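Numbers 288 to 532, taken from the working numbering, label the letters of the sequence shown in order. Comments concern the structure below.
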Amino acid sequence: MSKSILEAKILQDEAAAYAWVEARIWPEGPVCPHCGGVERISKMGGKSTRIGAYKCYQCRQKFTVKIGTVFEDSHVPMRLWLQAMFLLCSSKKGISSNQLHRTLGVTLKTAWFMSHRIREAMRVVGVEPMGGEGGIIEADETFIGRLEGVPKQKSGSAHKNVALTLLERGGAARSFHVESTRRADVEGVMRANISKESRLMTDEGRHYRAIGREFASHESVNHGAGEYVRTPTPLRAITRSSSAA
Ligand SMILES: [Zn+2]
Numbered sequence: 288m289s290k291s292i293l294e295a296k297i298l299q300d301e302a303a304a305y306a307w308v309e310a311r312i313w314p315e316g317p318v319c320p321h322c323g324g325v326e327r328i329s330k331m332g333g334k335s336t337r338i339g340a341y342k343c344y345q346c347r348q349k350f351t352v353k354i355g356t357v358f359e360d361s362h363v364p365m366r367l368w369l370q371a372m373f374l375l376c377s378s379k380k381g382i383s384s385n386q387l388h389r390t391l392g393v394t395l396k397t398a399w400f401m402s403h404r405i406r407e408a409m410r411v412v413g414v415e416p417m418g419g420e421g422g423i424i425e426a427d428e429t430f431i432g433r434l435e436g437v438p439k440q441k442s443g444s445a446h447k448n449v450a451l452t453l454l455e456r457g458g459a460a461r462s463f464h465v466e467s468t469r470r471a472d473v474e475g476v477m478r479a480n481i482s483k484e485s486r487l488m489t490d491e492g493r494h495y496r497a498i499g500r501e502f503a504s505h506e507s508v509n510h511g512a513g514e515y516v517r518t519p520t521p522l523r524a525i526t527r528s529s530s531a532a
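This is the structure:
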C-alpha cells in the first residue's frame, strides 16, 4: 500500500469520507433507517452536530449512514474505516489487526473489531452449496419480461429472460439469470449451488431429468395438473409458506 493512496481526500477528510459512503448506500438520496422515509429528511448542521447526521421529520428520529451497515455502533471515524478497508483490500496476504492498529493509530481492540467487521462484510455469500443431507431444494424457473404481443407459451424462452430460482425449504433462496432453460444453462448453476446430498424438487421440465439423478432424490410435480400453483409471490412469502408446510 503506497502512502499516497492513504492520503486521498476521502481517507483523510471526515466529511468527504461520509459523502463517499452515502453516495454508495443512498444513490437516490438519504433514506431514514427508522421509518423508511425518503422525504422531509434534513441534514443537521451546526458546530455541535456530528458529521453525517440527518433528521427525519416523518418519524422525528436522527440517523447517520452508519445504521444498518458494518459501521453501525462504532465511534471510529469514517475516514479510518475507509483506510482500513483500503488496506485490507489492497494487501494480497491480508493485514493483521496488529498492523492495522499500528498503521491507523487505533487501539488493538478497535483494530480487531474493524478487521472482523470488514472481513465479515467482504465474505462472499452464496458460495456454500445449499441444502445437504435431509435438505430439500426446489428449483424453478421464472420468465421475466415477456415481450408485448407475444402470446403466453407453455415453453420456449428465446424471447424472455429466464431466472432460475433455487429455494431451500425453510431457508434461503438464490436466483440466477440463465440464458435459457436448456440443460446446458441450468445444470452448471445447480451443480455449483446445491449440495449433492439434497433432495431435489422441480417441475417436470426435461432439463431437470439428467441433473436430478445427481442428487439424493429427485421428485417432480406437474404444474399442468395443478399439483401446485406457481404464483408470483415474493420469495420471502414463498419461504414462509414452504416452511410452514
Ligand atoms: Zn424516519
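Idealized CB from N, CA, C, for every residue including glycine. Because the structure is a prediction, the values reported are computed rather than measured.
Asked: Q345 to T351 span [Cα, whole Å]; Found: 16 Å
Asked: Spatial neighbours of N480 in its chain, beta-carbon cut-off 7 Å, leaving aside the 5 residues before and after; Found: P416, M417, L453 and R461
Asked: Distance cut 5 Å, beta-carbon to ligand 1 heavy atom: residue list by chain order; Found: C319, H321, C322, G324, C343, Q345 and C346
Asked: Beta-carbon contacts of W307 that lie in its chain and below 6 Å, excluding the five residues immediately before and after; Found: I297
Asked: Contact check, I312 vs V357, beta carbons under 8 Å; Found: no
Asked: Local Cβ density within 10 Å of P314, reported as buried at 16 or more and exposed below that; Found: exposed
Asked: Every unbroken beta strand (DSSP E) inside the stretch 463-492 [3 residues or more]; Found: 486-490
Asked: Pairwise C-alpha distance: P320 and G355; Found: 7 Å
Asked: Whole-number beta carbon distance between V449 and E420, since they are thought to touch under 8 Å; Found: Not a contact, Cβ separation roughly 30 Å.
Asked: Beta-carbon spacing of E301, R389 below 8 Å; Found: no
Asked: Sub-8 Å separation of S329 and G422 beta-carbons; Found: no
Asked: Beta-carbon gap between T468 and A426 smaller than 8 Å; Found: no
Asked: N-terminal and C-terminal residue of the beta strand (DSSP E) that I382 is part of; Found: That residue, I382, is in no beta strand (DSSP E); it is neither H nor E in DSSP.
Asked: Simplified DSSP assignment, three categories, for T394; Found: coil
Asked: Start and end residues, alpha helix (DSSP H) containing K296; Found: K296 to Q299
Asked: N- and C-terminal bounds of the alpha helix (DSSP H) containing I534; Found: There is no way to answer for residue 534, as the model of the chain reaches only from 288 to 532.
Asked: Per-residue DSSP class, three states only, for R406; Found: helix
Asked: Alpha carbon of S507 to alpha carbon of E466, nearest angstrom; Found: 22 Å
Asked: Residue range of the beta strand (DSSP E) that includes E506; Found: S504 to V508
Asked: With 16 other Cβ atoms within 10 Å as the buried cut-off, status of G339; Found: buried
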